[in-house]
Structures are given as structure tokens and as C-alpha cells.
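A.B. asks:
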Amino acid sequence: AVTAIDAGRRHEILTELAGLLDSGALPALPFTAYDIRSATEAYRGSRTATASHGRSVLTVPRPIDPDGTVVLTGASGTLGRLVLRRLVAEHGVRNVLLLSRSGTEAPGDLLDVLDTLDVRDDGLRIRSVACDVADREQLAAALAGIPAEHPPTAVVHTAGVLDDGILASLTPERLATVLRPKADAVRALHDVTADADLAAFVVFSSVAGVLGSAGQANYAAANAYLDAYAARRHATGAPAVSVAWGLWQETSSMTAGLGAADLGRIARTGLLPTTTEEGLAAFDLALTAATPHLVPVRVDTAALRTADTVPPLLRDLVPVPQRRAAESASDTPSVSGAATTPAESLESRLRGLTAEQRTALLLDLVLADVAQVLGHGDPRGISADGAFRDLGFDSLTAVELR
Numbered sequence: 001a002v003t004a005i006d007a008g009r010r011h012e013i014l015t016e017l018a019g020l021l022d023s024g025a026l027p028a029l030p031f032t033a034y035d036i037r038s039a040t041e042a043y044r045g046s047r048t049a050t051a052s053h054g055r056s057v058l059t060v061p062r063p064i065d066p067d068g069t070v071v072l073t074g075a076s077g078t079l080g081r082l083v084l085r086r087l088v089a090e091h092g093v094r095n096v097l098l099l100s101r102s103g104t105e106a107p108g109d110l111l112d113v114l115d116t117l118d119v120r121d122d123g124l125r126i127r128s129v130a131c132d133v134a135d136r137e138q139l140a141a142a143l144a145g146i147p148a149e150h151p152p153t154a155v156v157h158t159a160g161v162l163d164d165g166i167l168a169s170l171t172p173e174r175l176a177t178v179l180r181p182k183a184d185a186v187r188a189l190h191d192v193t194a195d196a197d198l199a200a201f202v203v204f205s206s207v208a209g210v211l212g213s214a215g216q217a218n219y220a221a222a223n224a225y226l227d228a229y230a231a232r233r234h235a236t237g238a239p240a241v242s243v244a245w246g247l248w249q250e251t252s253s254m255t256a257g258l259g260a261a262d263l264g265r266i267a268r269t270g271l272l273p274t275t276t277e278e279g280l281a282a283f284d285l286a287l288t289a290a291t292p293h294l295v296p297v298r299v300d301t302a303a304l305r306t307a308d309t310v311p312p313l314l315r316d317l318v319p320v321p322q323r324r325a326a327e328s329a330s331d332t333p334s335v336s337g338a339a340t341t342p343a344e345s346l347e348s349r350l351r352g353l354t355a356e357q358r359t360a361l362l363l364d365l366v367l368a369d370v371a372q373v374l375g376h377g378d379p380r381g382i383s384a385d386g387a388f389r390d391l392g393f394d395s396l397t398a399v400e401l402r
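Each residue of the sequence shown is one higher than the one before, starting from 1 at the first, in this note's numbering.
1) Whose C-beta lies closer than 8 Å to the C-beta of residue 301 among residues of the same chain, with five residues either side of it excluded?
2) Taking only the alpha-carbon atoms, compute the straight-line gap between residue 221 and residue 8 and give it to the nearest angstrom.
3) Of all Cβ atoms in chain B, is any one closer than 8 Å to the Cβ of residue 66?
4) Let me know if residue 205 comes out buried or exposed under the rule of 16 or more other beta-carbons within 10 Å of its beta-carbon.
5) Which term fits residue 388, buried or exposed, when burial requires 16 or more other beta carbons within 10 angstroms of its beta carbon?
6) Using CA atoms only, rank isn't needed, just tell me which of 362, 75, 56 and 208 is closest to residue 253.
7) According to DSSP, simplified to helix, strand and coil, what is residue 243?
8) Can you give me the Cβ contacts of residue 94 inside the same chain, cut-off strictly under 6 Å, excluding the 5 residues immediately before and after it?
9) Buried or exposed: which applies to residue 13, given that a residue is buried once 16 or more other Cβ atoms fall within 10 Å of its Cβ?
10) CA-CA distance, residue 348 and residue 207?
11) Unbroken alpha helix (DSSP H) runs of length 4 or more, entirely within the stretch 128 to 210: which are they?
12) Among residues of its own chain, excluding the 5 on either side of residue 143, which ones have a beta-carbon nearer than 8 Å to its beta-carbon?
13) Just curious, the beta strand (DSSP E) that residue 100 is in, first and last residue?
14) Among the candidates 381, 102 and 284, whose CA atom is the shortest distance from the CA of residue 84?
15) Taking the DSSP output, what are the residues bridged to residue 126?
16) Classify residue 379: buried if its beta carbon has 16 or more other beta carbons within 10 angstroms, exposed otherwise.
17) Let me know if residue 156 comes out buried or exposed under the rule of 16 or more other beta-carbons within 10 Å of its beta-carbon.
18) CA-CA distance, residue 209 and residue 217?
19) Looking at the secondary structure, which residues open and close the beta strand (DSSP E) in which residue 304 lies?
20) Let me make sure I understand the geometry here. Which of 313, 260, 227 and 280 has the alpha-carbon closest to that of residue 248?
21) Does the pairing of the stretch 282 to 296 with the stretch 225 to 242 give three or more beta-carbon distances under 8 Å?
22) Please work out which residues of its chain come closer than 7 Å, Cβ to Cβ, to residue 266, disregarding the five sequence neighbours upstream and downstream, and give them in chain order.
Structure follows, in C-alpha cells:
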């Protein structure tokens with residue numbers, strides 16, 4: 001039977017239900033949100049849904065409101081400056097709240113990046129505030145200063161720090177140093193903007209959280225947390241995209257200390273630096289991406305084919321049997337002067353040799369790897385008796401050699 005309810009009574013019932021839901025007296029029904037561009041995936045998910053999946057809900061992406069305010073963290077960093085300029089020049093943003101630990105005292109005027117944009121007289125309003133984004137009270141106070149007529153419309157979180165070292169050297173304090181501006185900050189941003197009608201919530205992550213990175217266990221963990229947090233937000237229907245960057249060609253405070261050996265080590269992983277234009281184009285996509293996780297990295301498949309090891313996620317790109325370390329390139333000269341043949345297995349090469357010859361061969365192989373890791377063209381210039389530190393090893397290259 002169907003009972004007719006007049007419009008006034010329906011309004012009362014719905015209002016009461018809304019109040020019960022808001023108070024938590026009635027739990028909301030579970031649901032999983034999908035971008036409307038992923039409607040096929042949503043349909044498949046609803047057919048195999050579990051109780052925790054609930055209903056499938058489609059969301060529609062929308063552009064950043066030019067009258068709203070974009071909250072940009074890590075604003076004093078290189079990527080923060082590039083993003084600021086992109087938002088203003090390409091996305092019509094006119095209201096920006098810049099957050100950094102140093103605020104207006106950052107080295108170099110943050111507004112210098114806008115000098116060539118000719119938008120100073122076009123209603124551009126930029127405010128820079130010193131703020132520890134991981135501190136909820138400081139963050140809430142900073143956002144409280146946003147005018148009501150220009151409410152938050154997007155969050156872009158670019159902040160991060162490095163404190164590299166081998167796993168055994170990572171104390172709780174060193175872990176906290178790297179986790180705080182990533183994990184703690186993203187939770188604070190989520191909580192403080194919970195009532196804001198955001199069109200975008202973009203966090204800058206790292207490919208280290210996807211593929212791993214020698215000597216960067218804390219940094220990899222912090223960025224993997226960002227990736228997972230973005231996925232969690234996205235599943236609730238809230239905007240969220242984590243962008244796992246590789247190395248940028250643009251030098252920043254985080255990469256300024258990289259030397260030739262460091263760059264060579266990165267190149268041997270098969271990952272190429274991202275140009276500024278490539279990175280900014282990827283950022284444009286992230287603002288309205290249908291997926292919560294992007295990994296915009298350039299892959300050098302030729303380097304992967306010659307690598308001794310390839311990350312599991314990249315192995316489908318190079319379906320060539322990997323060479324073992326003992327079967328490295330035959331062009332590498334040995335300390336003893338003996339020629340090496342890649343086709344020979346280490347076992348077959350050792351068989352039949354005297355103890356002295358075996359020692360010499362193994363030393364050649366180790367020194368060849370040392371030369372490759374340290375970026376030396378000829379292993380014959382490396383002292384087999386030298387201390388690791390004297391040879392130029394640091395925590396990262398030591399892990400790579402191991």
C-alpha cells in the first residue's frame with residue numbers, strides 16, 4: 001500500500017533525517033565514489049559490491065572557481081613558485097593564500113614570479129603567511145583570514161623535506177622530520193578544510209613511494225602515505241589527487257646537493273628528469289584527474305634493459321631477461337686486465353681457476369660495480385684497500401652497491 005504524504009510533512013521528515021545524520025545518531029549508508037569518467041568501473045564495482053563498498057556514486061569534476069581562494073603550501077620552494085605562476089597565468093586564479101614556514105620572510109620575494117604576468121592590476125590578491133601546515137591550530141588560524149567572499153576552492157600541497165640515510169640510521173626523530181610535512185600536514189589540511197566546497201585537493205608525492213629509493217625509506221613511507229590518503233579521500237567523493245613526481249630538471253633546495261654521482265645513480269634506475277613544461281602540464285591534468293594517483297615520470301627503457309635489477313612495476317616495459325651483476329658489460333676493463341664475457345656464468349668462469357685467480361676475478365667484478373656506482377669510467381683507478389668513505393661512498397651509494 002502507498003500512503004500519500006503532503007509536501008509539508010515530507011519536508012519535516014527529511015529535515016529530521018538530515019539532523020539525525022548530521023548528529024551521527026543515524027550512520028550514513030556506505031558508498032564508493034567514482035569520477036563520472038570512470039562510470040564503467042563504477043558499474044562493474046556495483047555488480048561485485050560488498051557491504052563495505054555500498055552504493056556506487058558518480059561525481060562530476062569542476063574547474064577551480066576564479067573567485068575562490070587557492071591554498072598553496074610549500075610556497076617558498078621551487079615547485080611552489082612554479083605552481084603559483086601556473087595557477088595565475090593558466091587557470092585564472094586571482095586569490096591565493098601562500099603558506100610556508102618562513103612566510104613573507106622567504107628568500108627572495110615570492111611575488112617576483114608574477115612580475116612578468118601583467119596581472120598586478122587585474123584583481124590579483126596574494127597573501128603570504130608563515131605557518132607550520134602540520135600544526136592544526138596554526139593552519140586553522142591562517143585559513144580563518146580568507147575572506148568569506150573568496151572561500152577556499154582548492155588546496156595544493158607541495159611541502160616536503162629530505163633526511164636521507166640507510167634504514168639502520170633512521171631514528172624516530174629523523175622519521176618524524178620527514179613524515180610531519182607530508183603525513184601530518186595532509187591530515188591537518190583535510191580536517192581544516194572539511195567544510196570547504198573544494199574543487200581540487202592536490203598533494204605532491206614522489207615516485208619513491210611507488211618504486212622505492214635507496215637510502216630514502218622515510219621519504220618513501222611519507223609519500224606512500226600521501227598516495228593512500230588521496231585514495232581514501234577520493235573514495236568518499238571528495239576531490240583528491242596525489243602526484244608521484246620523479247626528479248625535476250628544475251633545481252630546488254631538495255635537489256641542489258645532487259652531484260654527478262647522484263644523477264648517474266638516478267639515471268641507472270631508468271628514470272629521466274621531468275622538464276618544467278612536462279611537470280606543469282601534468283599538474284594541469286591533476287587538477288581535474290579522474291584517478292586519485294598519478295605517476296608522471298619519464299622512463300628510459302634502454303637504461304632499464306641494461307640494468308642489473310628493474311623495479312617490479314617497470315618489468316613489463318622491458319621484457320628482456322635481466323643480466324646478473326656477475327654478467328655485466330664486457331666492455332668494462334678489469335683490474336687484472338683479463339677480458340670478461342657476458343655469456344659466461346660466474347660459476348663457469350670460476351671453475352678450474354686457482355684460488356688466487358678466483359680472488360682476482362671476484363675482485364674485478366666488485367671493482368667494476370664500484371666504478372659503475374661511483375661514476376668512474378675505469379675501475380683500475382680504484383683502490384681495493386681504500387675505505388668506503390675515502391672512495392667517495394655515502395649512505396645512498398653504499399646501499400646501491402649492496
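C-beta: ideal position from N, C-alpha, C; glycine also.
These figures come from a predicted structure and were not determined experimentally.
C.D. replies: The relevant details are as follows:
1) Same-chain partners within the cutoff: 270, 317 and 318.
2) Taking C-alpha positions only, residue 221 is separated from residue 8 by approximately 54 Å.
3) The structure shown has no chain B; it contains just one protein chain.
4) With 16 or more Cβ atoms within 10 Å of its Cβ, residue 205 is classed as buried.
5) Here residue 388 is exposed: its Cβ has fewer than 16 other Cβ atoms, across all protein chains shown, within 10 Å.
6) Among 362, 75, 56 and 208, the Cα nearest to that of residue 253 is on 75.
7) The answer is strand: DSSP assigns residue 243 an E or B state.
8) 66, 123 and 124.
9) By the neighbour-count rule (16 or more Cβ atoms within 10 Å), residue 13 is not buried but exposed.
10) Put simply, the backbone Cα of residue 348 is about 39 Å away from that of residue 207.
11) For the alpha helix (DSSP H) assignment, the uninterrupted runs of no fewer than 4 residues enclosed by the stretch 128 to 210 are, from N- to C-terminal side, 136 to 144, 172 to 179 and 185 to 192.
12) For residue 143, the CB contacts under 8 Å within the same chain, skipping 5 residues up- and downstream, are 71, 97, 152, 192 and 193 in chain order.
13) Per DSSP, residue 100 belongs to the beta strand (DSSP E) from 95 to 100.
14) Nearest in C-alpha terms to residue 84, of all of 381, 102 and 284, is 284.
15) Paired residues: 96.
16) Counting every other CB atom within 10 Å of its CB across the protein chains shown gives residue 379 a total of 16 or more, marking it as buried.
17) With at least 16 other beta carbons inside 10 angstroms of its own, residue 156 counts as buried.
18) About 9 Å.
19) Premise fails: residue 304 lies in the alpha helix (DSSP H), 301 to 305, not in any beta strand (DSSP E).
20) Check the Cα spacing between residue 248 and each of 313, 260, 227 and 280: the tightest is with 280.
21) Touching, yes.
22) Hits under 7 Å: 247.
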